[in-house]
Amino acid sequence: MVVATAAATTFVTLRWLDAAHRMLGRFVLAGSLYSHRGRTPKGLPIGAGSGYDGQFYYRLALDPFNLARTSFGIQLDTLSRVERMAYPFLAWVISQGHSADVPLALVLVNVFAAGMLGLAGGLLARSAGRHALWGLVFVGYWGYLWTLGRDLTELTTAALVIFGLAALLRNAPFWAGLAFLGAIVSKETAVLLAATLAAATAWARWTGRGRLVLPLNAPVGRATRSALLRRSDLAFVVPLAGFVAWQLVLFWATGRLPIYKSGGENLGLPFVGFVHGLAHYLAALPSIAAGLWFGELALLIVLAVVAARSLPHVPVELRILWAVSALLAVFTATGIWLGDVGFRSLDDVYLLSWVVLLLAPVRLTPAAMLCGAAWGAVAAELVHFI
Numbered sequence: 019m020v021v022a023t024a025a026a027t028t029f030v031t032l033r034w035l036d037a038a039h040r041m042l043g044r045f046v047l048a049g050s051l052y053s054h055r056g057r058t059p060k061g062l063p064i065g066a067g068s069g070y071d072g073q074f075y076y077r078l079a080l081d082p083f084n085l086a087r088t089s090f091g092i093q094l095d096t097l098s099r100v101e102r103m104a105y106p107f108l109a110w111v112i113s114q115g116h117s118a119d120v121p122l123a124l125v126l127v128n129v130f131a132a133g134m135l136g137l138a139g140g141l142l143a144r145s146a147g148r149h150a151l152w153g154l155v156f157v158g159y160w161g162y163l164w165t166l167g168r169d170l171t172e173l174t175t176a177a178l179v180i181f182g183l184a185a186l187l188r189n190a191p192f193w194a195g196l197a198f199l200g201a202i203v204s205k206e207t208a209v210l211l212a213a214t215l216a217a218a219t220a221w222a223r224w225t226g227r228g229r230l231v232l233p234l235n236a237p238v239g240r241a242t243r244s245a246l247l248r249r250s251d252l253a254f255v256v257p258l259a260g261f262v263a264w265q266l267v268l269f270w271a272t273g274r275l276p277i278y279k280s281g282g283e284n285l286g287l288p289f290v291g292f293v294h295g296l297a298h299y300l301a302a303l304p305s306i307a308a309g310l311w312f313g314e315l316a317l318l319i320v321l322a323v324v325a326a327r328s329l330p331h332v333p334v335e336l337r338i339l340w341a342v343s344a345l346l347a348v349f350t351a352t353g354i355w356l357g358d359v360g361f362r363s364l365d366d367v368y369l370l371s372w373v374v375l376l377l378a379p380v381r382l383t384p385a386a387m388l389c390g391a392a393w394g395a396v397a398a399e400l401v402h403f404i
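The opening residue of the sequence shown carries number 19 in the working numbering; numbering runs sequentially from there.
Shown next, in the form of structure tokens:
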């Protein structure tokens, strides 16, 4: 936790001094397409064009209870933004509703989330029988540097997901469920994790095949296949029930179910987005952006392949979770593959691959060194460029 917090603090400080010209408001990356000059809070820098996602979390952090499509001079590009309330809500709490303090609060929440991700990773590493410092591999995802540098929500989600998995390994299903619920309120796609966990547990329980993360309260056999919910099921019952409740609250407040919009924006036909991304960055060679894109993609593929080979060593729920995350990666929309943001939207593949590797009897040092090199390269780039 201490190392992760120090690394995140150093990065954002250097970025604030250089790329942001000592203006934390530049982390928001507000654009004139959605953020209207003269109507936004005083002191928010607004550039030309569409800006980036941080401006919408900034808008929600000004007043998370105001779910209007346009407020404070900022228009939400899609209603699905209101689903991701944990990060801006925490920033609102820290800023105490003072608009001038929101840019700093958004940065502080992400630095804190980086530390919590390090802590959760350390707990998970210890549960796997490894040194706690191996938990730093989760914070070492280069995509999270874009999250730190542009006021985004992935770090909050990742910290809660890894806390949930660490709680699972420590036989604490209720705390795992609360952590997964927090992840869902931070980023709605985390509901797939809870749903997959439920399906995997049901399958293993019904068939009696594969060992589970959480021990069952009774042996799985014909006499217990029809049993109702068990204590271990709190790990997915709590987040799934919370997700339904949260969607109903948003439906009552906005008149729409945001989850429908979210799914259409993030998913597409299999491999279509990947092919478009490949063609785009092949044409962009030998630029720095293209070089980083291909390097990051290659490293993700290497991690995924090594993790796939290690799956027999981990419990069945984690195998299925990893497989679902890898499958969804090929369905991601074209915009995700075209974005020069370190594959931050594919962080589930990275996180779950490292969970598998930590639990499996494999040598981790080469992969960790490659990830560290990628993190350093991207950090050096983002210190100088917004």
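Quick reminder that beta carbons are idealized off the backbone N, C-alpha and C, glycines included.
In this text, all values refer to a predicted model and were calculated from it rather than measured experimentally.
- Task: Would you mind sorting Arg243 into buried or exposed? The rule is 16 or more other CB atoms within 10 Å of its CB.
- Result: Confidence at Arg243 is low in this model, with a pLDDT of 44, below 50, so its placement is unreliable and the value that follows should be read with caution. By the neighbour-count rule (16 or more Cβ atoms within 10 Å), Arg243 is not buried but exposed.
- Task: Express the C-alpha separation of Phe361 and Ala308 in angstroms, rounding to a whole number.
- Result: 13 Å
- Message: My parser needs the alpha helix (DSSP H) runs of 4 or more residues fully inside the segment 173-229; what are they?
- Response: 191-204 and 209-225
- Rounded to a whole number of angstroms, what is the C-alpha to C-alpha distance between Val267 and Lys205? 16 Å
- Message: Applying the 10 Å Cβ sphere with the 16-neighbour rule, what's the burial state of Leu42?
- Response: buried
- Check whether Arg419 and Tyr75 have beta carbons under 9 Å apart: A question about residue 419 goes unanswered here, because the residues of the chain that appear run from 19 up to 404.
- Give me whichever residues DSSP pairs with Thr88 in a beta bridge. Gln93
- Message: Assuming Arg77 is part of the alpha helix (DSSP H), what are its boundary residues?
- Response: Gly72 to Leu80
- Task: Decide if Leu300 is buried, meaning its Cβ has at least 16 other Cβ atoms within 10 Å, or exposed.
- Result: exposed
- Task: Report yes or no: do three or more beta-carbon pairs, one from the segment 131-149 and one from the segment 333-345, lie closer than 8 Å?
- Result: no
- Query: How many whole angstroms separate the CB atoms of Leu166 and Gly200, which I take to be in contact at a CB cut-off of 8 Å?
  - Reply: So it is not a contact: roughly 19 Å between Cβ atoms.
- Item | Among Leu124, Leu210, Leu186 and Ala222, nearest to Asp169 - alpha-carbon criterion | Leu124
- Going by beta carbon distance, what residues of the same chain come within less than 7 Å of Pro276, once the five residues before and after it are set aside? Answer for Pro276: Leu97, Ser98, Val100, Glu101 and Leu268, listed in chain order.
- If you follow the alpha helix (DSSP H) that Ala386 is part of, which residue opens it and which one closes it? Ala386 -> alpha helix (DSSP H) spans Thr383 to His402.
- Residue range of the alpha helix (DSSP H) that includes His39: For His39, no alpha helix (DSSP H) run applies, since DSSP gives it neither H nor E.
- Message: Which of the three DSSP states is assigned to Leu135 in this structure?
- Response: helix
- Query: In three-state terms, what does DSSP make of Ala241?
  - Reply: Below a pLDDT of 50, predicted positions are generally treated as unreliable, and Ala241, at 38, falls in that range; no measurement from the model is reported.
- Item | Given Gly49 as reference, the closest of Phe192, Trp34, Ala38 and Tyr70 once Cα atoms are compared | Tyr70
- Message: Using a Cβ distance threshold of 8 Å, determine whether the segment 143-159 contacts the segment 378-390, with at least three qualifying pairs required.
- Response: Yes: at least three Cβ pairs fall under 8 Å.
- Task: Kindly indicate which residue of Gly357, Arg337, Ala38 and Val231 has the alpha-carbon position closest to the one of Leu315.
- Result: Gly357
- What are the complete alpha helix (DSSP H) segments, minimum 4 residues, inside the segment 266-300? 276-284
- Item | Residue nearest to Val408 in terms of C-alpha spacing, selected from Asp366, Asp81 and Phe349 | The requested residue 408 does not occur in the structure, where the chain is confined to residues 19 to 404.
- Would you call Phe261 buried or exposed, if buried means 16 or more other Cβ atoms sit within 10 Å of its Cβ? buried
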